[in-house]
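Taken in order, these protein sequences are the chains called A and B. Each residue of the first sequence is one higher than the one before, starting from 0 at the first, in numbering that gives the first Met the number 0. Each residue of the second sequence is one higher than the one before, starting from 0 at the first, in numbering that gives the first Met the number 0. All C-beta atoms, glycine included, are put in the ideal place defined by N, C-alpha and C.
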Amino acid sequence: MSDAAATLTWTLPHAVAGTMVLSLNAYVLLAGADFGGGVWDLMARGRNRDAQRALIAHAIGPIWEANHVWLVLVVVLLFTCFPSAFAHLATVLHIPITLMLVGIVLRGSAFTFRTYDSTRDAVQRRWGLIFSISSVLTPVLLGVCLGAVAAGRVPMMSPADAAALEFGARFVDPWARSWFAWAVGGLTLALFAGLAATYLTVETVDTELQDVFRRRALQSQGAVMLTALGTLWLARDASPMLFGALTQGAGVPVLHALTALATAVTCWALARRHFRVARLAMVGQASCLVWGWAWSQFPWLLPPDRSITSLAAPRITLSLTLGALSVGTLILLPSFVYLFRVFKSPGAGFLPDDEAVTVPEDRAGP
Amino acid sequence: MMSDLEFARAQMAMSLAFHIVFAVVGIGMPALMVIAEWRWLRTRDAMYLELAKRWAKGTAILFAVGAVSGTVLSFELGLLWPTFMEHAGAVIGMPFSLEGFAFFTEAIFLGIYLYAWQRIPPKAHWWAGVVVAVSGALSGAFVICANAWMNAPEGFAMVNGVVTNVDPIDAMFNAAAPSQVLHMTLAAYAACGFAASGVHAYALYRGTPHRAFHRAALQIALIMGLPAAVLQPLSGDISARSVAERQPVKFAAMEGHLRTGPADFVIGGWPDEATLTHRGAIEVPGALSFMTTGSTKTVIPGVDQVPAEDRPPLAIVHTAFQIMIGCGMLMMALAAWGAWRTWRRRRGQGTALPDDRAFLLAVILASPLGFVAVEAGWTVTEVGRQPWIVHGILRTADAVTPMPGLGVTFALFTALYFGLAIAVVFLLRRQILKTGIRHLPIGLTGEMPIP
């Protein structure tokens, strides 16, 4: 394996794969936090629980649809630039991907319906429950899919070999019977929850709410550390190759050190109520985890034996896609900056008089 | 019991039929709200601001469902048709990537449009709406380019079952793309314009205390819907010629032209696939030959030129095509009526359009026609291409996933979409139709006297 890795040089396929990891990183940082918001919506407790939910809804409202498109970008890049890998993944992971899609559909529509439906508690809770439960399930399934791939449980095989497998062995076992994959699912959930809680401390000036989410963010940090260690421990059996890459690979000490540093800074900043620092460190921590996974899997797209280069589409497709990406980025980046400046800059936070997000009185009558 | 292939096709058909409604809304509604807001900027009449907000709210509800159901489709391409994506991905990924960016832009600026009424200056807000409308139309156009490729596959060579010589630019700008993009974009404006017109015509017809508001809304919606309906038959003709040239069997199935020879124009009827004869059709001898080539004698290939296993389901394609044409004709007739009334009104005769009860009733009845035509038109495009998923290259049956038990996922998504559809209808009714007009200072715009 290391020989193959050594002979690979940086090429067009790697550039595309890197862009995909970058998009996934953006998805984790942005949509991941939206999912995490759903988790905290479900867990909202205490006498200011309605205020917690209102804060979450305000934080997610204007941006969730844009955040969600990062996943579409990853999928489009996958099927354009690595079509056979996409076909293979969509076949073997049909069941978890389908369930994940149901979660994505229910979450997005329930959130919007809740925003625009009646303000009566019962109606709000009904949509809120769908929103929050699907916010919990979807990240777990996303993590399970990534975990199954990382552990090399979704290897490419010839059509004849694949057809010889029984239903369970082919479509269920690769992901469902892998403790490692489920651990990655748990890690994803903990990470998303942590991102959301950390961001939410910055979204409000109410110290009581800040304290709620500060506590939640610290709890999530505990969960992230536990699940991360569990994942590493399970990787020993699940995929010695991955375990080797995670413990002895080139550059790994630096990556681990960076992750540890970011984690430490997040916890320290949360404890000292430096919320902006905490948000920045949390972004770093989550990015380190995403790139750590990508780096440990490199150069394989479908471990254990299919590399990024071997599964890539023709050169012309890759270069045109990268060209389209650069042009698209020129439009997209300023747009994103504008979106976040309008809604996430200091002072833009929580405007109670913003009538566009006020839910109108129920049945005002004609 | 249906086979897995049939369940896969049913699931894809349902997902598309569901998503396309919201995709069309994502193209048409932003245009409506932008026009309304522009009128507000020009007149500073609070009524237009209220209208823009009202339409924006409808757009928000529908756009969210469109976004998530579109995400489902992008995954379903692989979940249901992995072999297709394996071959086609590298060839037609380009328009999908571009669509991704257009949709991204649309989502970003829709977020700004919906939530930033009080955070950015009115002009900037209006421009955000313009970006939503433009990127919405663009994202539709890109996806249609990819679909057109399935009808006119270009930009690659198939050697021993392997795709080589890929040219994504050629594939994207395939021969079927211009006519399909034009036809579908017009269809989106017509469908949204008619649907929105119907809602406000209904309020006027029932007698609403907010007459001026609904009149203004109806006027804007008609201005978008009626011209699109007039242009649509022209673009339909371009499309039909394009299909006749590249997919003669699909064209023959659409027109119900079963046997090769001079073609009659077939209205109605039920084609019998076994005997290749019609039951209960009205046939105008030689008319189709005349319409396509200018001579009644020209021989046009019929569906009999290919073996039975290469023919699409004739009855479905022919019926769907006729439904689409019928809806188009009715919408065009309504547009002609409207134009005639406006012309008479200009010369000082008759009442203003929105107050003519017969016209209002016609608008109400016509309001679903645009969406019916969109659904029927897509049935023609997709079912008419069968048994091919990529015309002449790859059969649908060879592209389906080996995953068994697709009936389960079909049932799952049917239930999901059914629930969503109910929720959407319920919400739109409660939020758009049943509430009064808020923030409208009494006396500022007042109720205009009925002329």
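Any non-hydrogen atom of the ligand MG within 7 Å of residue 428/B CB: Absence of the ligand MG from the depicted structure is noted, as is the absence of any ligand whatsoever, leaving it without description.
Segments of 4+ residues assigned as alpha helix (DSSP H) that fall wholly inside the segment 109–185 of chain A: 120–149, 158–163 and 172–175
Neighbour flag for residue 64/A against chain B, beta carbons, 8 Å: Translated into positions along the first sequence, residue 64/A becomes position 65. Closer than 8 Å to some Cβ of chain B, the Cβ of residue 64/A qualifies, so yes.
Beta strand (DSSP E) segment containing residue 300/A, residue limits: Residue numbering aside, residue 300/A sits at position 301 when the first sequence is read from its first letter. Unbroken beta strand (DSSP E) run through residue 300/A: 299–301.
DSSP state of residue 250/A mapped onto helix, strand, coil: Taking the first residue of the first sequence as position 1, residue 250/A is located at position 251. Here residue 250/A sits in coil by DSSP.
Cβ-Cβ separation, residue 78/A to residue 76/B (assumed contact under 8 Å), whole Å: Within the second sequence, the letter at position 77 stands for residue 76/B. Within the first sequence, the letter at position 79 stands for residue 78/A. Contact flag correct, Cβ pair sits at about 7 Å.
Residue-chain proximity (residue 67/A, chain B), Cβ-Cβ < 8 Å: Taking the first residue of the first sequence as 1, we reach residue 67/A at position 68. It does: the Cβ of residue 67/A has a partner Cβ on chain B nearer than 8 Å.
N- and C-terminal bounds of the alpha helix (DSSP H) containing residue 270/B: Counting from 1 along the second sequence, the entry for residue 270/B is found at position 271. Premise fails: residue 270/B lies in the beta strand (DSSP E), 264–271, not in any alpha helix (DSSP H).
Per-residue contacts from residue 12/A into chain B (C-beta, under 9 Å): As a first step, residue 12/A must be located in the first sequence, where it is residue number 13. Those within 9 Å of residue 12/A in chain B number zero; the least Cβ separation is about 12 Å.
As assigned by DSSP and simplified to three states, the class of residue 387/B: Position 388 of the second sequence holds residue 387/B. In this structure, residue 387/B counts as strand in the three-state DSSP scheme.
Chain A contact residues for residue 107/B, given Cβ-Cβ distances below 9 Å: For the purposes of this step, residue 107/B is taken as the residue at position 108 of the second sequence. The contacting residues are 62, 64, 65, 68, 331, 334, 335, 337 and 338.
Separation of residue 27/B from residue 379/A, as counted between CA atoms: Residue 379/A falls outside the range modelled here, since chain A spans only 0 to 365, and no answer is possible.
Partners in chain A for residue 258/B, counting only beta-carbon separations shorter than 8 Å: Taking the second sequence and counting its residues from 1, the one referred to as residue 258/B is at position 259. Simply none; closest approach about 40 Å.
Residue burial classification, residue 66/A (beta-carbon count within 10 angstroms, cutoff 16): On the first sequence, residue 66/A is found 67 positions in, with the first residue counted as 1. By the neighbour-count rule (16 or more Cβ atoms within 10 Å), residue 66/A is buried.
Identity of the residues DSSP links to residue 156/B by a beta bridge: Residue mapping note: residue 156/B aligns to position 157 of the second sequence, counting from 1. 163/B, per the DSSP bridge assignment.
Chain B within 8 Å of residue 243/A, Cβ atoms only: For this step, residue 243/A is matched to residue 244 along the first sequence. By this cut-off, residue 243/A is not an interface position.
8 Å Cβ cut-off: residues of chain A touching residue 397/B: If you number the second sequence from 1, residue 397/B lands on position 398. Per Cβ cutoff of 8 Å: no residues; residue 397/B is ~12 Å from chain A at best.
C-alpha gap between residue 14/B and residue 142/B, whole angstroms: Your numbering for residue 14/B matches position 15 in the second sequence. Your numbering for residue 142/B matches position 143 in the second sequence. Taking the straight line from one Cα to the other gives about 15 Å.
Residue 277/B, DSSP secondary structure in three states: Stepping through the second sequence from its first residue, residue 277/B is reached at position 278. Strand, per DSSP.
DSSP beta-bridge partners of residue 261/B: Translated into positions along the second sequence, residue 261/B becomes position 262. According to DSSP, which records beta bridges pairwise, residue 261/B is partnered with 298/B.
Spatial distance of residue 17/B from residue 27/A (CA atoms): Here residue 17/B is taken as the residue at index 18 of the second sequence, counted from 1. Here residue 27/A is taken as the residue at index 28 of the first sequence, counted from 1. Taking the straight line from one Cα to the other gives about 28 Å.
Start-to-end residues for the alpha helix (DSSP H) that takes in residue 209/B: For the purposes of this step, residue 209/B is identified with residue 210 of the second sequence, where counting begins at 1. Looking at the DSSP string, residue 209/B is not in any alpha helix (DSSP H), and its letter there is neither H nor E.
Amino acids of chain C, ordered along the chain, whose beta-carbon sits closer than 7 Å to that of residue 56/B: Structure shown: chain C not included; protein chains present are A and B.
Residue 116/A classed as buried or exposed, judged by whether at least 16 other C-beta atoms fall within 10 angstroms: The residue given as residue 116/A occupies position 117 in the first sequence. Per the 10 Å Cβ criterion, buried.
Cβ pair residue 341/A, residue 119/B closer than 8 Å: One-based indexing of the first sequence puts residue 341/A at position 342. One-based indexing of the second sequence puts residue 119/B at position 120. It is a contact, given that the beta carbons lie within the stated cut-off.
Alpha-carbon spacing of residue 95/B relative to residue 220/A, whole angstroms: For the purposes of this step, residue 95/B is taken as residue 96 along the second sequence, with counting starting at 1. For the purposes of this step, residue 220/A is taken as residue 221 along the first sequence, with counting starting at 1. Taking the straight line from one Cα to the other gives about 38 Å.
Buried or exposed (CB count within 10 angstroms, at least 16 for buried), residue 325/A: Working through the first sequence from its first residue, we reach residue 325/A at position 326. The residue in question, residue 325/A, is exposed, as its Cβ has fewer than 16 Cβ neighbours within 10 Å.
Among 400/B, 405/B, 381/B and 367/B, nearest to residue 188/B - alpha-carbon criterion: Within the second sequence, residue 188/B is the residue found at index 189, counting from 1. Looking at the Cα atoms, 367/B is the closest of the given residues.
CB-CB length for residue 320/B against residue 253/B, believed under 8 Å: As a working note, residue 320/B is residue 321 in the second sequence. As a working note, residue 253/B is residue 254 in the second sequence. About 4 Å; that satisfies the 8 Å criterion.
8 Å Cβ cutoff, residue 341/A in contact with chain B: Working through the first sequence from its first residue, we reach residue 341/A at position 342. So yes, residue 341/A belongs to the interface.
Within the segment 306–349 of chain B, ranges of the alpha helix (DSSP H) (whole runs, at least 4 residues): 313–345
Members of the segment 22–36 of chain A near chain B, C-beta cut-off 7 Å: none
Min CB distance residue 2/B to chain A below 8 Å: Position 3 of the second sequence, counted from the start, is the residue given in the question as residue 2/B. So, not an interface residue.
Residue-chain proximity (residue 110/B, chain A), Cβ-Cβ < 8 Å: The residue you call residue 110/B lines up with position 111 of the second sequence. It does: the Cβ of residue 110/B has a partner Cβ on chain A nearer than 8 Å.
Beta carbon proximity, residue 327/A to chain B, threshold 8 Å: Locating residue 327/A in the first sequence gives position 328, counting from the first residue. Cβ-Cβ to chain B under 8 Å: yes for residue 327/A.
Coil, strand or helix - residue 230/B by DSSP: Position 231 of the second sequence, counted from the start, is the residue given in the question as residue 230/B. If DSSP states are grouped into helix, strand and coil, residue 230/B belongs with the helices.
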